[in-house]
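Engineer: Taken in order, these protein sequences are the chains called A and B. My numbering puts the first residue of the first sequence at 345, with every later residue one more than the last. My numbering puts the first residue of the second sequence at 27, with every later residue one more than the last. Pasting a structure here, questions to come.
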Amino acid sequence: MSEVLLRGGRVLDPASGVDGVRDVHVADGQIVAVGQDLPVGGDVEVVDCDGLWVAPGFVDVHTHLREPGFEDAEDITTGSMAGAAGGYTALCAMANTDPVCDSAAVAEMVWRRGREVALVDVFPVGSITKDMAGEELTEFGELNRSAAQVDFFSDDGKPVASSLVMRRALQYARAFDAVICNHSEDPDLTVDAQMNEGAVSSVLGLPGWPREAEEVMIARDLILAEGAGARLHVPHVTTKGGVELLRLAKSRGIRVTAEVTPHHLSITDDAVASYDPVLKVNPPVRLQEDVDALRAALADGTIDCVGTDHAPHPPELKDQEWEHAPCGMLGLETAIAVVLTDLVHPGLLDPLTAIARFTTGPASVRDVGAHGGPIAPGEAANLTVLDPARTWTVDGAALHSRARNSPFHGRELTGRPVHTLLRGRFTLRDGQVRASEEVPA
Amino acid sequence: MRHLISMEDLTRDEVVRILDVAEQLLPIALRERRSVPTLRGKAVCNLFLEDSTRTRLSFDLAAKRMSAEVLNFSAKGSSVSKGESFKDTALTLNAMGVDCVVVRSHSAGAPVQLASYLDVPILNAGDGWHQHPTQALLDVFTMRRHLGDLEGRTVVIVGDILHSRVARSEVQALKLLGAEVVLVAPPTLLPPAVEGWGVRIASDLDAVLPEVDVVYLLRVQRERMRGAFFPSSREYARIWGMDERRLGLVKPDALVMHPGPMNRGVEITADVADAHQQVITEQVTNGIAVRMACLYLLLAGEGPALAGDDTEEAA
């Protein structure tokens with residue numbers, strides 16, 4: 345394998361705390377040297393990174409790759425391409441496939457397809473309960489001891505409504521030091537809910553999804569996690585009240601991590617006045633005061649990471665009346681650009697912290713192996729190179745996902761990945777996704 | 027006026043214009059030949075994606091009295107269940123060359139989406155809990171015929187505001203015309219953040235009745251009772267229902283109105299309904315004239331509403 349020298353970029357490596365101009369020398373899939381003015385040998389390809397940021401490859405703890413079962417929306421190939429284009433080297437594939445990822449067979453299939461496509465590493469998420477029915481626990485041990493080594497369990501959009509089942513899941517997960525990720529929604533409070541409950545839903549005549557429904561569930565889960573001494577991950581926090589609960593929980597030493605999506609960091613419910621079903625998402629986009637609280641929580645670490653909840657849906661399902669359209673938005677290819685545009689460039693978040701929320705943050709949620717940094721000799725060369733000043737206009741149909749339901753379609757964003765490397769191989773080069781030519785082991 | 031989807035889209039002047047045109051068109055119903063040729067050659071499609079008899083008949087008759095061709099397209103629920111998407115249905119109508127689509131849907135916002143797919147005027151005949159502008163227009167039309175200018179008048183709307191598209195349109199129409207609106211409802215049936223609507227919220231109906239010019243009662247849907255929004259229909263009738271005793275509290279010339287169909291014995295007793303049947307019947311008649319006016323303004327624009335009418339002089 346050829347050697348690469350990333351020359352003169354601003355290295356942002358949260359794991360080591362480095363923020364400075366460095367060269368990064370990559371050989372045989374590993375980082376071999378990091379420093380200033382590194383010497384160039386004969387067979388080294390030099391990539392000029394002047395003005396660019398060099399960061400560990402991004403990790404997404406919340407991705408819907410839709411395979412198996414919903415390949416008309418996305419599959420592991422197209423989802424991996426979207427990931428590489430978004431600067432990701434590791435994606436956690438959610439369990440709500442068909443069949444559900446509640447067996448080693450499905451988990452290993454997803455994991456192996458990721459290896460074959462070889463654009464990102466795919467880490468399957470197991471379901472908490474069999475068929476995500478909220479009743480019987482999935483065989484955590486079988487999934488954990490499979491080749492996929494699943495240590496993260498979620499019924500995705502289906503909340504575990506029973507407090508007893510949730511308590512048992514948390515207790516049982518301790519045997520494997522696994523993490524339980526429960527969708528924070530009290531289903532009794534959201535029957536037929538279509539959007540955030542508030543002044544806008546009131547005028548639009550859409551049934552509201554109250555913030556209390558999220559906060560009641562976060563509170564319950566935090567209390568159960570504390571009692572069980574188990575690890576809890578709170579996906580896509582959307583409310584100011586949810587942030588306050590997490591802050592309290594962390595101060596009490598509860599083992600909890602949390603994520604926020606790019607869309608909840610940037611879109612408010614008044615956008616729903618267009619009734620464009622692309623904006624329909626669960627949990628829904630909320631109010632400016634929530635957006636402000638989420639941004640502050642991401643900056644101060646109350647929220648550990650940005651998770652995309654990348655949720656492709658085919659156009660024929662989104663081209664329906666709002667109430668019939670499915671929930672979900674694309675996210676992988678716009679995530680870092682949205683955070684740079686709305687948080688970093690306006691000065692709400694410093695660059696090193698922003699990168700941390702895409703790397704060390706998600707890597708602390710579950711075991712993602714050699715992803716998330718540090719950028720240091722001997723480490724796997726999982727890297728992304730960003731142009732923080734590059735301005736581009738999002739075109740939903742031009743994204744690599746099979747679907748095109750991007751809520752940022754038509755929006756001008758500043759910042760974009762230029763190169764992504766997975767174990768030293770370019771999966772994105774000069775903005776172009778590069779399919780693997782290697783035969784997987 | 028490009029579309030009529032929400033009362034929010036209208037100015038006060040536009041509302042007054044619709045009411046004035048409806049006033050001109052109202053006598054057509056009373057004469058021998060009950061039509062004018064104004065919209066001859068125009069095709070109006072009634073796209074009814076939700077069960078509705080009264081509103082569909084009213085729109086049907088309104089279009090026919092203006093001599094438009096009428097296509098009735100009815101389908102219950104999402105058309106996707108039949109294998110055709112909402113968007114394809116819209117594109118089909120576009121290809122057929124209809125001049126206006128009157129749409130009724132269970133889905134809030136469906137007319138807004140339709141307007142993004144089609145190049146013709148969209149007339150909202152009720153969408154989910156969102157809007158029912160022609161109902162509000164026929165109501166304010168009826169009020170204006172009885173009370174004159176609504177500026178400074180007070181209207182109390184009683185009942186299930188949360189699930190009511192009529193209430194949303196009604197509040198906006200009344201406010202545009204300068205009326206004061208009071209909402210009286212079980213708190214479980216008030217929309218979130220309703221304080222922002224620029225209305226007064228009251229809980230004691232008896233205290234409100236003596237000051238109002240119109241009592242507007244909303245239908246209580248039976249499924250709301252199952253949803254436990256209030257304990258029982260008996261309790262609802264006692265606290266929020268209009269009965270003989272409450273009728274004694276209102277001014278003698280105050281109107282009691284209801285968009286129909288009425289739940290006798292719940293929001294209105296049979297006696298009160300019968301005593302005020304005349305206004306409620308007028309609402310239905312006026313509805314046709316108001317819908318004729320809306321179709322005319324959307325399709326013919328600025329010409330005279332009775333153009334080509336050689337039968338009789340306009341009233």
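Built from N, CA and C at the ideal position, the CB exists for glycine as well. Keep in mind the model is a prediction, meaning the values are calculated, not measured.
Contact criterion: CB-CB distance below 9 Å. Does F255 (chain B) meet it with respect to chain A?
Structural biologist: F255 (chain B) does not count as touching chain A.
Engineer: Do you know how far the Cα of L743 (chain A) is from the Cα of D394 (chain A)?
Structural biologist: Roughly 26 Å separates the two Cα atoms.
Engineer: Output yes if chain B places a C-beta closer than 9 Å to the C-beta of H406 (chain A); else output no.
Structural biologist: Not closer than 9 Å to any Cβ of chain B, the Cβ of H406 (chain A) fails to qualify, so no.
Engineer: If you draw a straight line from the C-alpha of A477 (chain A) to the C-alpha of T601 (chain A), how long is it?
Structural biologist: Answer to the nearest angstrom: the Cα atoms are 24 Å apart.
Engineer: Taking only the alpha-carbon atoms, compute the straight-line gap between V696 (chain A) and V124 (chain B) and give it to the nearest angstrom.
Structural biologist: It should be noted that the sequence gives Leu, not Val, for residue 696 (chain A). The straight-line gap from Cα to Cα measures roughly 58 Å.
Engineer: Is there a Cβ from chain B that is less than 9 Å from the Cβ of V355 (chain A)?
Structural biologist: Chain B, which has no Cβ nearer than 9 Å to the Cβ of V355 (chain A), makes this no.
Engineer: Under DSSP, the alpha helix (DSSP H) around W223 (chain B) begins and ends at which residues?
Structural biologist: W223 (chain B) -> no alpha helix (DSSP H), and no H or E assigned at all.
Engineer: Using a Cβ cut-off of 9 Å (strictly closer), state whether V547 (chain A) contacts chain B.
Structural biologist: At least one chain B Cβ lies under 9 Å of V547 (chain A).
Engineer: R59 (chain B) to S131 (chain B), Cα distance in whole Å?
Structural biologist: Each residue's Cα considered, the two are about 33 Å apart.
Engineer: From A449 (chain A) to D363 (chain A), what does the alpha carbon distance come to, in whole angstroms?
Structural biologist: When rounded, the distance between both Cα atoms is 42 Å.
Engineer: Kindly indicate the opening and closing residues of the beta strand (DSSP E) around P468 (chain A).
Structural biologist: Start and end: 465-468.
Engineer: Pull up the distance between the alpha-carbon of V225 (chain B) and that of F497 (chain A), whole angstroms please.
Structural biologist: Approximately 48 Å, taken between the alpha carbons.
Engineer: Excluding the five sequence neighbours on either side, which residues of its own chain have a C-beta within less than 8 Å of the C-beta of L481 (chain A), listed in chain order?
Structural biologist: The residues are I472, T473, K474, V509, R512, A513, Y516.
Engineer: Where does A320 (chain B) fall in DSSP's three states?
Structural biologist: Checking the sequence shown, residue 320 (chain B) turns out to be Cys, not Ala. Correct three-state label for C320 (chain B): helix.
Engineer: Would you grab the beta carbon distance between V348 (chain A) and V370 (chain A) for me? Rounded to a whole angstrom, and I think it's under 8 Å.
Structural biologist: At roughly 5 Å, the Cβ-Cβ gap stays under 8 Å, so V348 (chain A) and V370 (chain A) are in contact.
Engineer: Taking CB distances under 9 Å as the criterion, tell me whether L576 (chain A) reaches chain B.
Structural biologist: False, the Cβ-Cβ gap to chain B never drops below 9 Å.
Engineer: Looking at chain A, is there any beta carbon in it that lies within less than 9 Å of the beta carbon of E339 (chain B)?
Structural biologist: Since pLDDT at E339 (chain B) reaches only 46, below the 50 mark, its modelled position is unreliable, and the value read off the structure follows with that caveat. No, its Cβ sits nowhere closer than 9 Å to a Cβ of chain A.
Engineer: State the CB to CB distance for the pair L321 (chain B) and A88 (chain B), rounded to an integer number of angstroms; the pair is presumed to be in contact (CB under 8 Å).
Structural biologist: Correct: roughly 6 Å between the Cβ atoms.
Engineer: Check the Cβ-Cβ distances between E196 (chain B) and every residue of chain A, and say whether any is below 9 Å.
Structural biologist: It does not: the Cβ of E196 (chain B) has no partner Cβ on chain A nearer than 9 Å.
Engineer: Mind listing the chain A neighbours of R191 (chain B)? Cutoff is C-beta to C-beta under 7 Å, in chain order.
Structural biologist: Here the neighbours are G549.
Engineer: Within 10 Å of its beta-carbon, does Q380 (chain A) have 16 or more other beta-carbons around it, so buried, or fewer, so exposed?
Structural biologist: It is exposed - the Cβ of Q380 (chain A) has fewer than 16 other Cβ atoms within 10 Å.
Engineer: How many angstroms separate the CA atom of H73 (chain B) from the CA atom of A136 (chain B)?
Structural biologist: The amino acid at residue 73 (chain B) is misidentified as His; the sequence shows Leu. Cα to Cα, L73 (chain B) sits roughly 11 Å from A136 (chain B).
Engineer: Classify Q632 (chain A): buried if its beta carbon has 16 or more other beta carbons within 10 angstroms, exposed otherwise.
Structural biologist: The residue in question, Q632 (chain A), is exposed, as its Cβ has fewer than 16 Cβ neighbours within 10 Å.
Engineer: Using beta-carbon positions only, say whether L188 (chain B) and L216 (chain B) come within less than 9 Å of one another.
Structural biologist: Closer than 9 Å, so yes.
Engineer: Quick one: which chain A residues come within Cβ less than 7 Å of G222 (chain B)?
Structural biologist: Neighbours of G222 (chain B) on chain A, chain order: A543.
Engineer: Buried or exposed: T64 (chain B), going by 16 or more other Cβ atoms within 10 Å of its Cβ?
Structural biologist: Classification of T64 (chain B): buried, given that the 10 Å Cβ count is 16 or more.
Engineer: What do you get for G361 (chain A), buried or exposed, if any count of 16 or more other CB atoms within 10 angstroms of its CB means buried?
Structural biologist: Exposed, by the Cβ-count rule.
Engineer: Using beta carbons (cut-off 9 Å, strictly below), is Q493 (chain A) in contact with chain B?
Structural biologist: Not one chain B Cβ lies under 9 Å of Q493 (chain A).
Engineer: Alpha carbon to alpha carbon, how far is F414 (chain A) from P658 (chain A)?
Structural biologist: Cα to Cα, the separation comes out at about 9 Å.
Engineer: Are there 16 or more other CB atoms within 10 angstroms of the CB of K584 (chain A), so buried, or fewer, so exposed?
Structural biologist: So K584 (chain A) ends up on the buried side.
Engineer: How about S104 (chain B): is its C-beta nearer than 9 Å to some C-beta of chain A?
Structural biologist: Reliability of the predicted coordinates at S104 (chain B) is poor, the pLDDT of 49 falling under 50, and the value obtained from them is presented with this limitation in mind. Yes, S104 (chain B) lies at the interface with chain A (some Cβ there is under 9 Å from its Cβ).
Engineer: What residues of chain B sit near D552 (chain A), judged by a beta carbon separation below 7 Å?
Structural biologist: Per the sequence shown, the amino acid found at residue 552 (chain A) is Gly instead of Asp. Per Cβ cutoff of 7 Å: P218.
Engineer: Measuring alpha carbon to alpha carbon, tell me which of B:G222, B:A315, B:A326, B:G327 ends up nearest L83 (chain B).
Structural biologist: Cα-wise, what sits closest to L83 (chain B) is B:A315.
Engineer: Say yes only if the C-beta of G430 (chain A) is nearer than 8 Å to one or more non-hydrogen atoms of the ligand ZN, and no if none qualify.
Structural biologist: Among the components modelled here there is no ligand, and therefore nothing to report on the ligand ZN.
Engineer: Determine the DSSP secondary structure at L766 (chain A), reduced to helix, strand or coil.
Structural biologist: Note: L766 (chain A) maps to strand in three-state DSSP.
Engineer: With a threshold of 9 Å between beta carbons, is S346 (chain A) in contact with chain B?
Structural biologist: It does not: the Cβ of S346 (chain A) has no partner Cβ on chain B nearer than 9 Å.
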